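In the numbering used here, the protein residues as written are 2 to 231.
First up is the structure itself, then whatever we jot down about it.
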Ligand SMILES: [Zn+2]
């Protein structure tokens, strides 16, 4: 697990962690009895995880909301101002992001090509700003690299229409591909979010560290975790 942090206002910090194979499979479909100790060994506080559906639905955990009414909802982004939970986004190729504001809003976002096309980053930013967030910053998890992500047809056309042709890549085998990181960069720019850091690891190339559905049909999932520390 790699960790990273940045200062927030009022002597708090946002912390971001990116898990890998050594931390174990964190797929939310695993037996809860297997997942609970694995999660606790990484970050020992309640996890807010979602059933990710490649959409743009955002779940907000308010100050008095019972966590168990929100955990496991069908959505691709979670937002909170609370410091008693950790937000989790899982992936095996898709991009993941932590977003935060100096005022103490945090989000974990799962952003594959469908979710990006649906505007999941914009939706998360909107939710945070509706709660009073000012300037937003982002840290990104590992994702499949443009050299490994063969992509084309109507799906690519729809992505070019939603973004621009800078997202078209050429894979290492010479096929047409999609540059997911370029899409994320466009979305961050469009939504006024500063990209302050992240992993540039390719989940397909780095099989010793990360799961890849696309490259190896892996069913395992790594996670990007973010939380506020008082
Ligand atoms: Zn690669």
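Idealized CB from N, CA, C, for every residue including glycine.
The structure displayed is predicted, hence computed values, not measured ones.
Legend entry - Strand pairing of residue 16, partner residues [DSSP]: 6, 228
Inset, instruction - Under 8 Å by Cβ, that's how I've got residue 60 and residue 71 pegged, so tell me the actual separation to the nearest angstrom. - result: 6 Å
Inset, instruction - Could you check the C-alpha separation between residue 168 and residue 214 for me, to the nearest Å? - result: 21 Å
Legend entry - residue 78 and residue 49 closer than 8 Å at C-beta: no
Legend entry - Candidates 62, 12, 198: closest to residue 103 by CA position: 12
Legend entry - Continuous beta strand (DSSP E) assignments of at least 3 residues falling wholly in the region 92 to 169: Listed in chain order, the complete beta strand (DSSP E) runs (minimum 3 residues) inside the region 92 to 169 are 96 to 102, 107 to 112, 137 to 141.
Inset, instruction - Starting from residue 44, follow the alpha helix (DSSP H) in both directions and report where the run begins and ends. - result: Careful: residue 44 lies outside any alpha helix (DSSP H) and carries neither H nor E.
Legend entry - contact_flag[the region 94 to 102, the region 24 to 31] where n(CB pairs < 8 Å) is 3 or more: no
Legend entry - Where residue 62 sits in the DSSP three-state scheme: strand
Inset, instruction - Please confirm whether any heavy atom of ligand 1 lies closer than 7 Å to the CB of residue 148. - result: Yes, the Cβ of residue 148 comes within 7 Å of a heavy atom of ligand 1.
Legend entry - Cβ-heavy atom distance, residue 203 to ligand 2, below 7 Å: Among the ligands present in this structure, namely ligand 1, ligand 2 is not found.
Inset, instruction - Give the secondary structure of residue 171 by DSSP, where H, G and I count as helix, E and B as strand, and everything else as coil. - result: strand
Inset, instruction - State whether the region 86 to 95 contacts the region 126 to 137, with contact taken as three or more CB pairs (one from each stretch) at a distance under 8 Å. - result: no
Inset, instruction - In the DSSP assignment, find the unbroken alpha helix (DSSP H) run with residue 179 in it and report its ends. - result: Note, residue 179: premise wrong, no alpha helix (DSSP H); beta strand (DSSP E) at 177 to 179.
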